[in-house]
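To keep things clear, I will list the structure first and then write my remarks on it.
In my numbering, the protein residues as written are 819 to 1936.
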């Protein structure tokens, strides 16, 4: 088997091993005591020692070492239990590695290549083993049966994968099985009669991290609801942790962060999530992030290969990434070389070597890329031919309206042997569109208009600027110019020194990947501008308000030219992405982009920043910025521990650094210095901002350690930023206001931005982009759970003033309310219940439940749930609470009705029951409808959520507040009278409530007495009314009929009155609430029943234990 390369010191090991085969760079050895001859006395001793030790300490009898000449240090790369096994490995090295080592210039490069190759083999073996394990249907089916038996989750819960591991309960490990499903992390263990069963929903996890300790060498730590869980002893530790991160991130996005989730169509159906799908998704995310490609780009294959580097005259070992529209390469040998080759730029492909392991690509950028040692290159060539032909067809349909690299027109005529001339792409519609575009869209960067560079100027700054340009031109000659250029460490060094003014816009497009978006969508921006200009919305109002606040000190934005361009770009983006629309800080960022890029280019740069480089920054809750601030705090703890010890509250760093992240330091630095930060950001992403933030704090460390409060620390940082300069900038300094109170202070030391950036890379350049992405995923859980805790605290604070429940009871009720909402979202693709959660609404309205969810909670929690007509009571109470008839109620309404049932007085409970049996809760046809159909009506009641969910209607909330105050003052005299059918149903409900009570017989007699008394009172009332003239209402009806134009209508009305006289018992049999209340008060047993205290805590605990099981039964019934 292949081994992870580890150092072996041969000086003291020669007597234990015999060399059988040698090569300049490899050695095959056999351990003494094995094989032919036995090895004499030494071999006998070695064999005895190997036999006495247990199986875990045994050494494989054969091994292969990688050696570097003139060195005592070797590297173990393979081992085997038999001669046949180890010789197969040796033959593979002879055919695939030994023959090509001569191309390397140094032993270090050879060692680096060999190690990379062996690690790649190990990764392939692990991947094929995991695929084989997942594809074992019998084994997986057996695990699925155990999962279903042990945890009792609904059948729709999809098991993704499972692992053997240890769960640590204190210091005692429990060996068992960990099951990862779409909505839950579950663990089961049964050892020595002790059963351990854990079920944690992903949406409840606030911390998920790798940990190491003395007891646990490597474990996964999970924190949920104040409890800590530790799992260890995984065979595939990193794979397990990555899958956990992905499933937790999926659940959080789906349930809490709809804006991010809805843009990710691949996760809309939870039933389609598989282990292999998640692994492919992780690879795809790594690929698009590494090369700054559109998120929809799909990775097809990854291959090990060599790429010829012409400027080094050497081959670089690395990986080739093949996707639908790109061929990319990333070196793995320390040369830090990345290449992006869009298929639209490829004009030819060749396989010059008869072995078929070499492929060359010719591009429009006049660069030829030669890849060698490609596995299965024949299949790759066929695949690429199809992709390249498709790319050519797409270009022919779109037209070559804009080229990113200079090209020879003759090159297009020969592509894979096709000599047909390229077709004409210019159409009348396209020409008209571009004519209109030229009238409305700026085709020049604003800096060229307002700060044109003077070629004749020979001052020191202009000379430095020209030297920078010359350095980049030399770089372009060596490394290529355009989208296909080689990106190396030297490229980063040039970026760190600041991109020249003349090249800044072009290189921003290149490094951000915005050029790929723009090339894929010709004419898109012009169409957006035409469609969006003149529209009026909340976003356009906010844009107009902020236009003149965007870099007001710059002359470009003191003119209509700059303001109009800024308006068009922001309005176009709001039209493109209405879920974001417009967010503060976008205007500042876009202003800087317009200074150096054309208007359409600035638009695509804004798209790259908002949708790829800074995801979820520019939305209502700025979750992305909060996540990166949490990552920043982690780095502060790691790199600046003395500052962490001094600052008792880490939230200071979050508050002071928010503008750093939202505006990429543009809002705190002078513009001529800030653009250098933007240079590094477009090349290295968020990593550059994190590094610079650490460098700023480190530079001011001594002063910050002397601060007594946060205000003093903020003042120090503000003064520092005001004194950051760019001594090489050819631009005139912008007007910059000094901080308040600095007139009498000593002048501060000036800091050059180039030196500050260089220091940030020198001290913190070891921060890896993939490490940052992992930390982002981990801290996203923490940030969103913190926001959810804030929502919960505010809701409980408001509701606690309205009810008599204790704090713990109210908190448990909210958790059950919220859980019921989530349980309705877990197993239904595109569940409508997902729309019930809207974080943009006030706290009380963020979580709402529908009638079906309310009915479930009513059965679990209501003290009246034992009633035979409990489902009807749930239906009627929901209608009563749903005053705006949108099919939803919030937690305040839910808890208030429970509060009446548990803590209300006799009058309050009776009033609630009375209101449940009159409109709008009770309808006239209610008694004629079978109970089963009423229950189905509750479940199928159409939801009509309000159309203004996206906007907060202040007037509506003021009216709601006024109505609530009015209801508090409601008098029992204002309640309408209850008629015959309603009273009959009211009496039935009372009978049902008494069922099972110890005083059931006495209660039945009492209610019979009350009912008889009420009926006799009503009979007397009817007899008195029969001797009197018609009531005013009847008289009014007669007069109205006589004033009509039709005699027939009067006769019909008279006939109806005669019928009413005959059935006056049905029409006039009504009771007022005061009559019912007074009658019931005369029966002490009834008063005692309703005033009897019922403890809700027992109901809550029972609901917690059965809520998930009840959902399984409900889904089975459905």
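By construction, the Cβ of each residue, glycine as well, lies at the ideal position given by its N, Cα and C atoms.
Note that the structure is predicted; figures quoted are calculated from it, not measured.
Nonlocal neighbours in the same chain, by C-beta distance under 7 Å from residue i, ignoring five residues either side
| i | result |
| --- | --- |
| residue 1009 | 992 and 993 |
| residue 1915 | 1627 |
| residue 1828 | 1897, 1898 and 1901 |
| residue 1175 | 1190, 1191, 1192 and 1195 |
| residue 1312 | 1289, 1290 and 1293 |
| residue 1718 | 1726, 1727 and 1730 |
| residue 1398 | 1428, 1436 and 1437 |
Residue i classed as buried or exposed, judged by whether at least 16 other C-beta atoms fall within 10 angstroms
| i | result |
| --- | --- |
| residue 1277 | exposed |
| residue 1162 | buried |
| residue 1609 | buried |
| residue 819 | exposed |
| residue 1995 | With the chain running from 819 to 1936 in the structure shown, residue 1995 is simply not present. |
| residue 1155 | buried |
| residue 1510 | buried |
| residue 1624 | exposed |
| residue 1069 | buried |
| residue 1433 | buried |
Cut-off 6 Å between Cβ atoms - residues of its own chain near residue i, not counting five sequence neighbours on either side
| i | result |
| --- | --- |
| residue 1067 | 1595 |
| residue 1322 | 1414 |
| residue 892 | 826, 828, 883 and 885 |
| residue 1528 | 1470 |
| residue 1124 | 1133, 1135, 1190 and 1191 |
| residue 1431 | 1503 |
| residue 1484 | 1406, 1410 and 1492 |
| residue 921 | 1133 |
Where residue i falls: helix, strand or coil (DSSP)
| i | result |
| --- | --- |
| residue 994 | strand |
| residue 976 | coil |
| residue 1447 | helix |
| residue 1916 | helix |
| residue 1267 | helix |
| residue 868 | Bear in mind that the predicted position of residue 868 carries a pLDDT of just 44, short of 50, making it unreliable; the figure below should be weighed with that in mind. Helix, per DSSP. |
| residue 1828 | helix |
| residue 1277 | coil |
| residue 1136 | strand |
| residue 1893 | helix |
| residue 1396 | coil |
| residue 1175 | coil |
| residue 1460 | helix |
Contacts around residue i, its chain only, beta-carbon distance under 8 Å, and the 5 residues preceding and following it disregarded
| i | result |
| --- | --- |
| residue 1458 | 1512, 1515, 1516 and 1519 |
| residue 1335 | 1112, 1422, 1425 and 1426 |
| residue 1046 | 1039 and 1040 |
| residue 1073 | 1021, 1640, 1643, 1652 and 1655 |
| residue 1030 | 1036 and 1037 |
| residue 1116 | 1102, 1141 and 1142 |
| residue 1404 | 1388, 1391, 1424, 1428 and 1436 |
| residue 1585 | 1453, 1505, 1508 and 1509 |
| residue 1538 | 1514, 1517, 1518, 1566 and 1569 |
Below-9 Å beta-carbon distance, residue i vs any chain D residue
| i | result |
| --- | --- |
| residue 990 | Checking the listed chains, one finds no chain D in this structure; it contains a single protein chain. |
Distance cut-off 8 Å: residue i Cβ against heavy atoms of the ligand COA
| i | result |
| --- | --- |
| residue 1537 | Annotation note on the ligand COA: not contained in the displayed structure, which lists no ligands. |
**Message:** For the structure I just gave you, are there three or more beta carbon pairs, one from the stretch 1474 to 1484 and one from the stretch 1438 to 1451, closer than 8 Å?
**Reply:** yes
**Asked** Quick one: any contact between the stretch 1796 to 1805 and the stretch 1733 to 1741, if contact means 3 or more CB pairs under 8 Å?
**Response** yes
**Request:** Just list the beta strand (DSSP E) runs in the stretch 885 to 939, keeping only unbroken ones of 3 residues or longer that don't cross its boundaries, in chain order.
**Result:** 891 to 898
**Message:** With three or more beta-carbon pairs closer than 8 Å as the criterion, would you say the stretch 1608 to 1624 touches the stretch 1528 to 1542?
**Reply:** no
**Item:** Ordered list of beta strand (DSSP E) runs contained in the stretch 1039 to 1082, each at least 3 residues
**Value:** 1045 to 1050
**Item:** the stretch 1361 to 1372 contacting the stretch 1326 to 1340, beta-carbon criterion three pairs below 8 Å
**Value:** no
**Message:** I'd like to know if the stretch 1343 to 1354 and the stretch 1391 to 1400 are in contact, where contact means that at least 3 CB-CB pairs between them fall below 8 Å.
**Reply:** yes
**Message:** Quick check on the DSSP output: what are the complete alpha helix (DSSP H) runs of length 4 or more inside the stretch 1481 to 1558, in order along the chain?
**Reply:** 1489 to 1502, 1504 to 1517, 1519 to 1523 and 1528 to 1540
**Asked** Where are the alpha helix (DSSP H) runs, 4 residues long or more, that stay fully inside the stretch 1576 to 1646, in chain order?
**Response** 1587 to 1618 and 1625 to 1641
**Request:** Quick one: which unbroken alpha helix (DSSP H) runs of 4-plus residues sit fully inside the stretch 1309 to 1342? Chain order, please.
**Result:** 1322 to 1330 and 1332 to 1338
**Asked** In chain order, which continuous runs of the alpha helix (DSSP H) of length 4 or greater are located wholly inside the stretch 1683 to 1717?
**Response** 1688 to 1699
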